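To start, the structure under review is shown below, and the notes come after it.
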Amino acid sequence: MSNTALLERPATAVRPALHLVSEHAAPAAAPAPAAQSAAAQRNLPAGTTPRGFALYVGFDEAKAAASGVSLGVLVDALRQTLASLAPEAETYATVALAPVAAGGRDVDVVRLALHEPSAVARTKAEPEEDERAAGGVVVDISRKRVLIDGESSALTFKEFELLQYLVLREGRTIERTELVSSLWQGATDDDAPGERTIDVHVRRLRAKLGRYEDIVRTVRGVGYRFDRHADVSIRYGHGTPSPDRF
128 MSNTALLERP
138 ATAVRPALHL
148 VSEHAAPAAA
158 PAPAAQSAAA
168 QRNLPAGTTP
178 RGFALYVGFD
188 EAKAAASGVS
198 LGVLVDALRQ
208 TLASLAPEAE
218 TYATVALAPV
228 AAGGRDVDVV
238 RLALHEPSAV
248 ARTKAEPEED
258 ERAAGGVVVD
268 ISRKRVLIDG
278 ESSALTFKEF
288 ELLQYLVLRE
298 GRTIERTELV
308 SSLWQGATDD
318 DAPGERTIDV
328 HVRRLRAKLG
338 RYEDIVRTVR
348 GVGYRFDRHA
358 DVSIRYGHGT
368 PSPDRF
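The sequence shown runs 128 to 373 under the numbering used here.
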């Protein structure tokens with residue numbers, strides 16, 4: 128797992144509950160055809176292939192103790208589960224150390240402490256811009272708005288959620304069923320829209336994007352996708368969720 132270098136312990140850091148542990152198993156066997164097919168369907172960047180995953184867990188010692196566990200116990204339990212599902216998988220665990228006063232959600236503090244690329248990128252100051260003079264589309268996730276040629280677009284909350292969901296999963300085709308389950312999470316069967324209702328929301332979103340409507344692409348028979356576009360810039364705020372890949 129890359130980008131998991133442990134930060135140097137600050138003077139005010141919380142004492143970790145476990146030491147660095149590294150396990151190495153036999154090299155994994157070649158992926159099965161089904162796994163290769165699933166990877167191909169994720170529209171991965173050219174020249175790349177999945178080699179594993181990182182699970183960032185935001186949970187400090189105090190919360191763990193209140194739950195009757197420790198960080199070490201949690202790590203052991205996760206490893207046991209992984210060993211039962213994929214005995215040949217290699218694992219590496221590290222504890223994220225952060226200053227006691229570090230604010231924000233636990234998981235965001237962990238991602239930043241372990242130098243997760245998207246978390247680090249969002250801490251960098253964005254240059255001042257003349258928004259009204261700017262051309263193209265600005266998807267401002269931190270402020271929940273979209274600027275089109277410098278003017279604020281009147282997207283509804285659900286339309287912005289739809290665009291944001293696609294933007295945060297750039298290059299990945301999102302099925303209609305996933306959009307329904309994710310954007311209407313917790314809704315009853317009567318309240319949740321059908322898959323065709325998603326098409327209506329997309330049509331309305333595209334209408335408000337005007338001449339930039341093609342940034343939301345249709346993948347016939349599957350769903351929708353956002354691809355990187357020269358006329359589009361994305362502004363992230365601190366704590367913005369990173370795109371999930373699964």
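Even for Gly, the Cβ is constructed at its ideal location relative to N, Cα and C.
Values in this document were obtained by computation on a predicted structure and should not be read as measured data.
According to the neighbour-count rule (16 or more other Cβ atoms, all chains shown, within 10 Å of its Cβ), is residue i buried or exposed?
i	result
Val236	buried
Ala228	exposed
Val265	buried
Val273	buried
Val343	buried
Glu278	exposed
Val327	exposed
Arg330	exposed
Taking the alpha-carbon positions, what's the residue i to residue j distance?
i	j	result
Pro214	Arg206	10 Å
Ala192	Phe180	27 Å
Val349	Ile301	7 Å
Gln291	Ala240	26 Å
Ile325	Ser245	29 Å
Phe353	Ser211	37 Å
Gly337	Val200	53 Å
Tyr219	Arg238	16 Å
Gly321	Ala189	44 Å
Phe186	Leu295	24 Å
Lys285	Val359	20 Å
Gln168	Thr221	Since pLDDT at Gln168 reaches only 48, below the 50 mark, its modelled position is unreliable, and the value read off the structure follows with that caveat. Each residue's alpha carbon lies about 31 Å from the other.
Ser280	Tyr183	35 Å
Leu332	Leu282	7 Å
Tyr339	Leu310	23 Å
Val247	Ser269	15 Å
Ser194	Gln312	27 Å
Gly231	His356	31 Å
Arg347	Arg303	11 Å
Asp203	Glu217	14 Å
Arg401	Asp267	Missing from the structure shown is residue 401; the chain here goes from 128 to 373 and no further.
Arg178	Leu209	15 Å
Leu224	Val196	19 Å
Thr243	Gly298	Contrary to the premise, residue 243 reads as Glu rather than Thr in this sequence. For Glu243 and Gly298, the distance between alpha carbons rounds to 20 Å.
Where do the ends of the beta strand (DSSP E) carrying residue i lie?
i	result
Arg323	Per DSSP, Arg323 belongs to no beta strand (DSSP E); it is in the alpha helix (DSSP H), Glu322 to Leu336.
Leu274	Arg272 to Ile275
Going by DSSP, which residues form a beta bridge with residue i?
i	result
Ile301	Tyr351
Asp203	Answer is none; Asp203 lacks a bridge partner.
Thr345	Tyr351
Val266	Val273 and Ile361
Ser279	Leu274
Please work out which residues of its chain come closer than 7 Å, Cβ to Cβ, to residue i, disregarding the five sequence neighbours upstream and downstream, and give them in chain order.
i	result
Thr175	none
Thr345	Tyr351
Lys271	Phe287
Leaving out five residues before and five after residue i in sequence, what residues of the same chain have Cβ atoms less than 6 Å from its Cβ?
i	result
Asp276	Gly262
Val234	Tyr183 and Gly185
Provide the residue span of the alpha helix (DSSP H) that contains residue i, from first to last.
i	result
Glu286	Phe284 to Val294
Glu340	Per DSSP, Glu340 belongs to no alpha helix (DSSP H) and is neither H nor E.
Asp233	Asp233 to Ala240
Ala189	Glu188 to Ala193
Ordered along the chain, which non-local residues of its own chain (more than five positions away) have a Cβ less than 8 Å from that of residue i?
i	result
Glu305	Gly350
Leu293	Ile301, Val343, Tyr351, Arg352 and Phe353
Ala334	Glu340
I'd like to confirm something about residue i: is its beta-carbon nearer than 6 Å to some heavy atom of the ligand ATP, or not?
i	result
Asp354	Ligands in the displayed structure: none, and consequently the ligand ATP is not present.
Please report whether the beta-carbon of residue i lies at a distance below 7 Å from any beta-carbon of chain C.
i	result
Ala228	No chain C is part of this structure, which consists of one protein chain only.
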